[in-house]
Amino acid sequence: MNVEPRPISAKTVEQSIPNFEIFQGTRIQRLWGTTEPTVITDTLLRAAVYAQGPKEEAGRIARVEGIEFSSVGELGLNFQNIFKISNLDAFTNLTRLQLDNNIIEKIENLDALTNLTWLDLSFNRIEKIENLENLHNLEDISLFNNQIKVIEGLDNLKKLKYLSLGRNLLDDLENTVYLRKFRGLRSLTLEENPLTSDANYRPYIFAFLAQLEYLDYQRIGEEARHAAYMQYQITVDQMNEKMKEEEEYEEICAYRAEQAQYHANAFVDDVEGDNLYDLIMRSDPDGMKFLSLPLVGEVVEQFRDKLADSSRMLFHFGLEEYAKRQQEEDCLREAIREVKVADREAGMKLIREFMDYKQNALQRLEAVPETQTTIIEEIFAAYREKIHELWDQLMANEMVISEQIEEVCTDFGRNIHEMVAFFLENTQNYLSKCREAANNFHDRLVEATLPYAERLGKADPQEAEQLLFPDRETMANCLAQSKENQAIRIEMCEERIQKRARAWCEQLIESLNREEIIQRHLNRVTEINLFVDGQRTELDSFDLGAI
């Protein structure tokens, strides 16, 4: 990551903004090879953010207070002679990123920009589409005028709608079939690529990319689409059939993954179906040695059934409790949302009343002759008092809202702690039944292996070599170890459930405290102070002589 060795002063950023705007606003500044290549420094980023941010007084306040990169939604870094993408990890809420008209050679360091929906990398020197795996929300990407030879690296962009690959080095028409998987793709640009010289270019695209509405900025007509389909019907139908099977399989996998995640969130994934039985048996190599003995198979099946019954009860109980916890959290967040909406409406009402007063005060000032300075000063004093009154009212409202949210979150924390404790207490009860089943299994296993133990006691040395155990003592030790293995596995299952449930509870309460109590309050106070300070600054800037 490119970082500057010293803290950046406000003066440095201020001085860099005009240069940034000149580079961005004047296309001729992008003279490849005639100026020094640029890296994305903190100074450049701040200059870009401030240049594209609020103007006039709001912009001045923003520069004084600073703008958090994580709050920026759009960022333009075009025409900056940038040769390497870096230093963007802080822009976690960025939705639009403009990096066109630079000298970038590689797509990289975009992993943190998971909210990105629009990306412009046109007019660069990129040779390969890569490192876009984390940009799941990307809908529009332009790679126009680069040096790309293969369409690839877009697999995770399931929401892709618009793709511009014009003026590159694409020469394989069949490579475009790669784009069939993007069912939402509506517009594709491939103009000025070698593959467009193929006589079948347009029919081929129309036939195999039937989801498209536009190709090279032109709407695809239904007649042309149908004619293209008839030309490639056999191959297209085969591909469609294969794609249908793949989509059905993907849907099944996605559903299973969703269910698995839901069960994991409920902390009962270890006891779903035969999971606990499988875990126990895999961790019990000593017990597995007895499976080939007569009568043991029946004992194992009975153990499996009893364990499945207890696991099933715990599984369904866990899902029910998870639904209750989710409902409790949903109610909390809805309550907080309603409080925030009410607070916002109350604040806007106060601000509207103040702005009406402000407009009236300015009109009165304009009507007062310049010579009547006493009246002017009285109006200013009342105006200043009104600003302070607004601050008092907004802050008083915020204090009330903050206390309400804190109280609601405290009650929620107490309730969720009790719900988790209830879940864990009953989890212990259900797993104690699993322990009973394991103990019964051990007793039955001992009974079932008695004939074999007697046989060991009577076996001669030559016969003993063909038996599972050399003597009765070894077999007894193996039985004891099997019992211990199973007890340990059940204990580990219980500890895992407890640890995850408690960690989730603590993390949820901590995040609520951090986001809804501390950070929300800080943001609101900052917002109030910025607005009120802006009004005070505006008041102080009035020229009594001019008025």
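In the UniProt record's numbering, the protein residues as written are 1 to 547. Glycine residues also receive a C-beta, built at the ideal position from the N, C-alpha and C atoms.
With respect to the beta strand (DSSP E) encompassing ARG96, which residues constitute its N-terminal and C-terminal limits?
ARG96 -> beta strand (DSSP E) spans 96-98.
Is DSSP giving GLU370 helix, strand or coil here?
Reduced to three states, the DSSP call for GLU370 is coil.
Beta-carbon proximity check, GLU130 vs GLU105, cutoff 9 Å:
At least 9 Å separates the beta-carbon of GLU130 from that of GLU105.
Excluding the five sequence neighbours on either side, which residues of its own chain have a C-beta within less than 8 Å of the C-beta of ARG27, listed in chain order?
With a pLDDT of 46 at ARG27, under the threshold of 50, the predicted position of this residue should be treated as unreliable, and no value is reported.
C-beta contact flag for VAL39 and LYS84 at 9 Å:
In this structure, LYS84 lies closer than 9 Å to VAL39 by Cβ.
Going by the CB atoms, is the gap between ILE141 and LEU119 shorter than 9 Å?
Cβ atoms of LEU119 and ILE141: closer than 9 Å.
Exposed unless 16 or more other CB atoms sit within 10 angstroms - verdict on ARG183:
Classified as exposed, ARG183 has fewer than 16 neighbouring CB atoms from the shown chains inside 10 Å of its CB.
Backbone secondary structure at GLN218 - three-state DSSP
The DSSP-derived three-state label of GLN218 is strand.
If I follow the unbroken beta strand (DSSP E) through TYR232, where does it start and stop?
Per DSSP, TYR232 belongs to no beta strand (DSSP E) and is neither H nor E.
Secondary structure at ILE82, three-state DSSP: helix, strand or coil?
The answer is strand: DSSP assigns ILE82 an E or B state.
Is ILE379 near ARG536, with beta carbons less than 9 Å apart?
No, the Cβ-Cβ distance between ILE379 and ARG536 is not below 9 Å.
Who are the Cβ neighbours of LEU116 in its own chain at under 8 Å, not counting the five residues just before and after it?
Exclusion of the five residues before and after LEU116 leaves LEU94, THR95, ARG96, LEU97, LEU110, LEU135, ASN137, LEU138 as the residues of its chain whose Cβ lies within less than 8 Å of its Cβ.
Which residues mark the beginning and the end of the beta strand (DSSP E) in which ASP120 is found?
ASP120 -> beta strand (DSSP E) spans 118-120.
Range of the contiguous beta strand (DSSP E) that encloses ILE141
Where ILE141 is concerned, the enclosing beta strand (DSSP E) starts and stops at 140-142.
Pick from LEU293, HIS417, ASN360, PRO294 that is closest to residue 548, judged by C-alpha positions
As shown, the chain starts at 1 and ends at 547. That puts residue 548 outside it, with no answer to give.
SER311 (DSSP reduced to helix, strand or coil)
In the structure shown, SER311 sits in a helix (DSSP, three-state: H, G or I).
In three-state DSSP terms, what is THR189?
It is a strand residue.
Excluding the 5 residues flanking LEU170 on each side, which residues of the same chain have their C-beta closer than 7 Å to its C-beta?
Setting aside the 5 residues that flank it on each side, LEU170 is surrounded in the same chain by ILE148, LYS149, ILE151, LEU190, ASN193, PRO194, LEU195, each with a C-beta closer than 7 Å to its C-beta; the list follows chain order.
Enumerate, from N- to C-terminal direction, the unbroken alpha helix (DSSP H) stretches of 4 or more residues contained entirely within the stretch 507-541.
Counting only runs of 4 or more, we get 520-541.
For the stretch 265-278 against the stretch 313-327, are there 3 or more C-beta pairs whose distance is under 8 Å?
Output reads yes: the stretch 313-327 touches the stretch 265-278.
Test item: CB-CB of CYS434 and LEU276 under 9 Å:
Closer than 9 Å, so yes.
Compute the Euclidean distance between the alpha carbons of LEU539 and ARG384, then round it to the nearest angstrom.
Taking the straight line from one Cα to the other gives about 8 Å.
Name the one or two DSSP bridge partners that GLU74 has.
Checking the DSSP bridge columns, you'll see GLU74 partnered with ARG96.
Given ASP286, which residues of its chain have a CB within under 8 Å of its CB, disregarding the five upstream and five downstream residues?
Around ASP286: CYS478, LEU479, GLN481, SER482, ASN485.
For GLU473, which option in VAL446, THR410, ILE488 has the closest C-alpha, if you only look at C-alpha atoms?
Residue VAL446 is the option with its Cα nearest to GLU473.
Under the three-state reduction of DSSP, which class applies to VAL296: helix, strand or coil?
Helix.
Check whether the stretch 491-505 touches the stretch 418-431, counting contact only when three or more Cβ pairs, one atom from each stretch, lie closer than 8 Å.
When Cβ pairs closer than 8 Å are counted between the two stretches, the stretch 491-505 is seen to touch the stretch 418-431, the count reaching three or more.
Cut-off 7 Å between Cβ atoms - residues of its own chain near ASN243, not counting five sequence neighbours on either side
As written in the sequence, residue 243 is Met, which differs from the Asn given in the question. Same-chain partners within the cutoff: ARG180.
Taking the beta carbon of SER526 as the centre, do at least 16 other beta carbons fall within 10 Å, making it buried, or is it exposed?
Reading the sequence as shown, one finds Thr at residue 526 and not Ser. Exposed, since its Cβ has fewer than 16 Cβ neighbours within 10 Å.
Pull up the distance between the alpha-carbon of GLN238 and that of PHE123, whole angstroms please.
One C-alpha to the other measures close to 38 Å.
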